[in-house]
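Chains as they are written, first to last, in this note's numbering: chain A, 1336 to 1933; chain D, 16 to 373. Glycine included, each C-beta is placed from N, C-alpha and C at the ideal position. Please read all numbers here as calculations on a predicted model, not as lab measurements. One structure is given here, and the rest of the page talks about it.
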Amino acid sequence: MATTRERIQPEQRNLVEMSWDPITRIIGNLGIYTKIDFDNREVVECKSTSSMFRGYSVFMKGKDPRDAGFITSRICGICGDNHTVCSIYAQNMAYGIRMTPLAECMFNLGEAAEYIFDHAIFQDNLVFGDYCEQMVKSTNPTMLAKAETTKAPNSEIHGLRTIADIMRAFNPFEGALYRQGLVQSRVAREMFCLMEGRHVHPSTMYPGGTGTVATPQVFTDYLSRLTRVTDFVKKAVPLNDDLFDFFYDALPGYEEVGRRRVLLGCWGAFQDPIEATYRYDEMTHWGRAMKVTPGVIVDGELVTTDLVDINLGIRILLGSSYYDDWQNEEMFVTKDPLGNPVDRRHPWNQTTLPKPQKRDLKDGNYSWVMSPRWHDKRTGDDLALDTGGGAFARLYSTALAGIVDTPYVKAPGDGSVQIHLPKTASSGEVTLTWRIPQWSNAIERNRARAYFIAYSAAMAYGFVEEGLGYVRKGQTKTFNSFEVPDEAIGCGFHEAVRGLLSHHLVIRDGKIANYHPYPPTPWNGSPTDSNGVPGPYEDAVNNMPIFEENDQENFRGVDIMRAVRSFDPCLPCGVHMYLGNGKTLKRMHSPMFGSNSH
Amino acid sequence: MATTEAAPDREAQGVEEVHILWISEGMSCDGDSVSITAAMQPTIEDVLLGNIPGLPKVHLHNKVLSPTLGGDEFLQPFFDAVNGTLDAPFVFVLEGSVPNENINGDGYWTSFGNDPATGEPLTLSWWLDRLPQKAWAVVACGTCATYGGIHAMAGNPTGCMGLADYLGWDFRSAGGLPIVNVPGCPVQPDNFMETLTWVLYQAAGLAPTIPLDDLLRPQWLFGKTVHEGCDRAGYYEQGDFAHDYNSPKCQVKIGCWGPVVQCNVTKRGWMNGIGGCPNVGGICIGCTMPGFPDKFMPFMDEPPGATVSGALVAPYGKFIRKMRAITNNTVNKEPKWRHNRPALTTGYEPRWGNRKEG
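Now the structure itself:
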């Protein structure tokens, strides 16, 4: 591998600069730039960057607001429907309408299928590339040897004898579970298409409801697939537990990989079909009725579950991005419908002013995105919340709030979420319990993903029963008509697969005057902001120990990749991060070892 | 002479092995990469594992599916292809539209890797000026790459365009092929995999040149309209239209552009025959078309042409519906000879006597 040694004497450490650009097995374009202290087996600094600008907020101005759900779906190629749904929520508020309970059930069923599909393909086909036998063999052969002789505790449930057998099953394309993951992701996408028409940009979703015709058949077709997926999930969750628990056992200290302070945001998912009125002045109530409870969690404490608080706390900061500030631009919304003041840095008042320029990694601008933060009234801090890859924050918030209580999922308020799955082809009823773990780290983000697949499947059973109940009673209306008002505002809160999602909309003269979507990845992947607060990826990797056995020359960086991928990066949403400068002992391009082994 | 020597499987020019170099760093959402993982006819793993008879051995280099950790591990084959040192021919796939880097100030709109010498980002245009010319075939995947798509809509800041707008519509690859366009937002999974399979068979010397129309679309996929394949078109014929999205009837009055859009989704469904667009209640917004999206917006209004054609078909359709109702009423009645009376009235003349004596 081509390395150039340029000896610059740093302070005490010998730092090696290493980069991976682009990162594979994620959606979108992300580069990771690190400085590593190999003597002390530690990452000293991590900066990440993504460089693509597409300009949704710019080109949506002046368009018909009803088009927003169709257009914003195209922001994301893996969870585009989350944008469509979030946009519809925002539009429903702006148009002053609600949806029929049946339509809400069908939206929820589509979204449940999306969570199942997306978490499954990301976990089994993208994340596990870092945990599979081929990878571990090249990075931690000693651990692989241990995995060969370690019996999988849940092998009676999932059928794989040792941990190494599990790792082998995830070898890309060749491993049985890798291929089964693809197959299951397709079954889940068929469920999705039954409700939302097409994956990944839905065809049947409109403000006011859905065009999917609510026949018994559509529910039958969905349910029969759901039971097949559930059968798979019941084996997958204990298998995930086996693999992740093994990492803690085999590599003491592994909890430090990707660990950061518990600073989580969740904007809520699965509207309650009866309670969701989309009225801003009732948002506190119907927000708390959502079947994934919204919440902001700071150091393990639930600060709020109120969507109004959540909304008003959002701040968009400029770090070192290719934009001009909007400090002197028009304020679109000075007070919310409850009379609360709305900040200039809130998405309702943002004006996007792109200014392409040369990347200046030293002291200038280097990135295309901004830094969303949440303003904590108690302390005055603008917090760099992360989503834990979505599932982690959803389970955490739901468990702490202790509100969700359905026949299939319960949050009893003791820090757990209980997920009840009915009998399926190869197993009886199963109750899976997720408990708030000790850390916010890579392993727990990944583990939560497996549990949230089960959560979504369990919720889906409930929505099938409720939806089919309406159909059987002849209440088949799925769409409510509306008029687009000349002047209105709206906001939508939802959970994209990889975490919190908001859409803020301002309508003037019947057209879009301002539209700002804030998906999870700008939160997770944000740069150090104007207050000097680093973004979550950077924060999670900074000062992280390294467990890879390879020396510097053969280093692949798998621990760093595990940390970053645990957030489920999805860059089309727009990540704009900081590229650091510093003292460099030695500069290497991305590690090459093993590039011919595939 | 008369030996059992097997005839050569492939023509002399057929390749045994091929790389697929896939760049999704056009202005895209990676939705087309995700879409191909949904394909079942054939699946991506079947193609890669050699489960499709006759296909050359395929090495896929796609960011979303790559087993590598990224960086140079991932980029090496792309650089090898630029340098002419790749060990086998390659098919170049572009996903996403091509931003105009002539208007980027001093910056860039999108990049793919860094220049190893300078550490500066390499723009998509840098790659497009070097890779397609050396490719055996060039495939544009999805509407962004084919014609510009969403990111090229009016008011966009990046000056986006499709691949053929950038390379020229008369571009020919090293294998002598025009660009192969597979539009769709996202691309219909099986449409893409089927097209790719044709190109691979062609590379193997087992298929003739792929038949494309003048917008470089595979003819067998995009030769018919959405409406011609739609199971709701019968409502149109009867002048019976949906007036809101609750209705299972023809949606042209509420925004469907199916009658003038070339796409097979209503025939093929979205995946495994499930889903689609107007066939399942989703208006056709023209996402496979060069005029997408602007010429179809606002999406939820009646297309101008549908007002005229809808008005024309209305009196005919009303009459036909009435006549069909009469016939339908008739065919909903069983023939009168199906009864349990003590007589056979089917018209059969039995030899044993036709009446049960009481």
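Can you find the residues in the same chain that come closer than 8 Å, C-beta to C-beta, to ARG339/D, ignoring five residues on each side of it along the sequence?
Your numbering for residue 339/D matches position 324 in the second sequence. Same-chain partners within the cutoff: GLN253.
Near GLU364/D, what residues of its chain come up, given a Cβ to Cβ distance below 7 Å and the 5 sequence neighbours on each side ignored?
Here residue 364/D is taken as the residue at index 349 of the second sequence, counted from 1. So no residue of the chain qualifies.
Spatial distance of MET1625/A from ARG1784/A (CA atoms):
By 1-based counting over the first sequence, the position of residue 1625/A is 290. By 1-based counting over the first sequence, the position of residue 1784/A is 449. Taking the straight line from one Cα to the other gives about 19 Å.
SER1408/A, DSSP secondary structure in three states
As a position in the first sequence, residue 1408/A is number 73, starting the count at 1. When secondary structure is reduced to three states using DSSP, SER1408/A falls in the helix class.
Of all the residues that make up the region 124–136 of chain D, which are near chain A by a beta-carbon distance shorter than 8 Å?
The region 124–136 of chain D vs chain A, Cβ under 8 Å: TRP124, THR125, SER126, PHE127, GLY128, ASN129, PRO131, GLU135 and PRO136.
DSSP on HIS76/D, reduced to helix/strand/coil?
Numbered from its first residue, the second sequence carries residue 76/D at position 61. Of the three classes helix, strand and coil, the one that applies to HIS76/D here is strand, per DSSP.
Give the residues of chain D in contact with PHE1954/A, contact being defined as C-beta atoms less than 9 Å apart.
There is simply no residue 1954/A to check, as chain A begins at 1336 and stops at 1933 in what is shown.
Looking at the C-beta of PRO104/D, does it have a partner C-beta in chain A at a distance below 8 Å?
In the second sequence, counting from the first residue as 1, residue 104/D sits at position 89. It does not: the Cβ of PRO104/D has no partner Cβ on chain A nearer than 8 Å.
Option in GLY69/D, GLU32/D, GLY85/D and ALA257/D with minimal Cα separation from ILE1361/A
As a working note, residue 1361/A is residue 26 in the first sequence. The option with the nearest alpha carbon to ILE1361/A is GLY85/D.
Would you say ASN12/D reaches chain A, if we count a Cβ-Cβ gap shorter than 8 Å as a contact?
One cannot answer for residue 12/D here, as it falls past the ends of chain D, which runs 16 to 373.
In chain A, which residues lie less than 8 Å from ASN287/D when you measure between Cβ atoms?
As a first step, residue 287/D must be located in the second sequence, where it is residue number 272. Within chain A, the residues whose beta carbon sits less than 8 Å from that of ASN287/D are ARG1521 and GLU1525, listed in sequence order.
Classify ASP1659/A as helix, strand or coil using the three-state DSSP reduction.
Your numbering for residue 1659/A matches position 324 in the first sequence. Correct three-state label for ASP1659/A: strand.
Cβ neighbour criterion (16 or more within 10 Å) applied to PHE334/D:
Here the question's residue 334/D lines up with position 319 in the second sequence. Around the beta carbon of PHE334/D, fewer than 16 other beta carbons sit within 10 angstroms, so the residue counts as exposed.
Proximity of GLY1654/A and PRO1862/A at Cβ, strictly below 8 Å:
Reading the first sequence from its first residue, position 319 is the one you call residue 1654/A. Reading the first sequence from its first residue, position 527 is the one you call residue 1862/A. Yes, Cβ-Cβ distance for GLY1654/A and PRO1862/A is below 8 Å.
Tell me the rounded alpha-carbon separation between LYS1693/A and PHE186/D.
Mapped onto the first sequence, residue 1693/A falls at position 358. Mapped onto the second sequence, residue 186/D falls at position 171. Looking at the two C-alpha atoms, the distance is approximately 31 Å.
Spell out a yes or no on whether the region 1560–1569 of chain A and the region 1511–1523 of chain A are touching, meaning 3 or more CB-CB pairs, one atom from each, closer than 8 Å.
Touching, yes.
What does the Cβ neighbour count give for ASP1903/A, buried or exposed, with the cut at 16 atoms within 10 Å?
Stepping through the first sequence from its first residue, residue 1903/A is reached at position 568. Buried.
Can you tell me the Cβ-Cβ gap for TYR251/D and VAL328/D, rounded? I've got them flagged as a contact below 8 Å.
Within the second sequence, residue 251/D is the residue found at index 236, counting from 1. Within the second sequence, residue 328/D is the residue found at index 313, counting from 1. At roughly 7 Å, the Cβ-Cβ gap stays under 8 Å, so TYR251/D and VAL328/D are in contact.
Is VAL323/D buried or exposed, if buried means 16 or more other CB atoms sit within 10 Å of its CB?
Reading the second sequence from its first residue, position 308 is the one you call residue 323/D. The residue in question, VAL323/D, is exposed, as its Cβ has fewer than 16 Cβ neighbours within 10 Å.
Let's test the definition: count the other Cβ atoms within 10 Å of the Cβ of GLU1449/A and tell me whether it reaches 16, buried, or not, exposed.
On the first sequence, position 114 is the one that residue 1449/A refers to. Answer is buried; the Cβ neighbour count reaches 16.
Residues of chain A with CB under 7 Å from LYS78/D, in chain order?
Numbered from its first residue, the second sequence carries residue 78/D at position 63. The answer, in chain order, is PRO1357 and THR1359.
Is it true that the CB of LEU178/D sits closer than 8 Å to the CB of VAL113/D?
Walking along the second sequence from the start, residue 113/D turns up at place 98. Walking along the second sequence from the start, residue 178/D turns up at place 163. Result yes, Cβ atoms of VAL113/D and LEU178/D sit closer than 8 Å.
Is it buried or exposed for GLY128/D, if we count other Cβ within 10 angstroms and need 16 for buried?
Along the second sequence, one-based indexing puts residue 128/D at 113. Buried, by the Cβ-count rule.
At the level of alpha carbons, what is the spacing between PHE1882/A and ARG1782/A?
Here residue 1882/A refers to the residue found at position 547 of the first sequence. Here residue 1782/A refers to the residue found at position 447 of the first sequence. When rounded, the separation of the alpha-carbon atoms in PHE1882/A and ARG1782/A is 20 Å.
If the cut-off is 7 Å on Cβ atoms, which residues from the region 85–111 of chain D count as contacting chain A, listed in chain order?
Of all residues in the region 85–111 of chain D, only GLY85, GLY86, ASP87, GLU88, PHE89 and GLN91 place a beta-carbon less than 7 Å from a beta-carbon of chain A.
Spatial distance of ASN66/D from GLN148/D (CA atoms):
Position 51 of the second sequence, counted from the start, is the residue given in the question as residue 66/D. Position 133 of the second sequence, counted from the start, is the residue given in the question as residue 148/D. The straight-line gap from Cα to Cα measures roughly 30 Å.
Verify the CB distance criterion: does GLU60/D have a CB-CB separation below 8 Å to chain A?
What you label residue 60/D is simply residue 45 of the second sequence in a count that begins at 1. So, interface residue.
Are the C-beta of VAL1378/A and some C-beta of chain D separated by less than 8 Å?
What you label residue 1378/A is simply residue 43 of the first sequence in a count that begins at 1. Not a single CB atom of chain D sits nearer than 8 Å to the CB of VAL1378/A.
Under 8 Å between the Cβ atoms of ASN1885/A and THR1369/A?
One-based indexing of the first sequence puts residue 1885/A at position 550. One-based indexing of the first sequence puts residue 1369/A at position 34. In this structure, THR1369/A does not lie closer than 8 Å to ASN1885/A by Cβ.
Assign GLN234/D to one of three DSSP states: helix, strand, or coil.
Numbered from its first residue, the second sequence carries residue 234/D at position 219. Look at GLN234/D here: in three-state DSSP terms it is helix.
Less than 8 Å between the beta carbons of TYR173/D and GLY164/D, yes or no?
Looking up residue 173/D in the second sequence gives position 158. Looking up residue 164/D in the second sequence gives position 149. It should be pointed out that residue 173/D corresponds to Thr in this sequence rather than to Tyr. Between THR173/D and GLY164/D, the C-beta spacing is not below 8 Å.
Can you list, in chain order, the residues of its chain with a C-beta nearer than 6 Å to that of CYS1310/A? Leave out the 5 residues immediately preceding and following it.
Since the first and last residues shown for chain A are 1336 and 1933, residue 1310/A lies out of range.
I'd like to know whether the C-beta of SER1901/A is nearer than 8 Å to at least one C-beta of chain D.
Against the first sequence, residue 1901/A aligns to sequence position 566. Not one chain D Cβ lies under 8 Å of SER1901/A.
When DSSP labels each residue in this structure, what does LEU1512/A get in the three-state scheme?
One-based indexing of the first sequence puts residue 1512/A at position 177. Three-state result, LEU1512/A: helix.
Which residue comes first and which comes last in the beta strand (DSSP E) that contains ARG1807/A?
The residue labelled residue 1807/A in the question sits at position 472 within the first sequence. For ARG1807/A, no beta strand (DSSP E) encloses it; the enclosing alpha helix (DSSP H) starts and ends at 1777–1807.
Beta-carbon separation of PRO293/D and ASP1399/A under 8 Å?
Numbered from its first residue, the second sequence carries residue 293/D at position 278. Numbered from its first residue, the first sequence carries residue 1399/A at position 64. Their beta carbons are not under 8 Å apart, which means PRO293/D does not touch ASP1399/A by this criterion.
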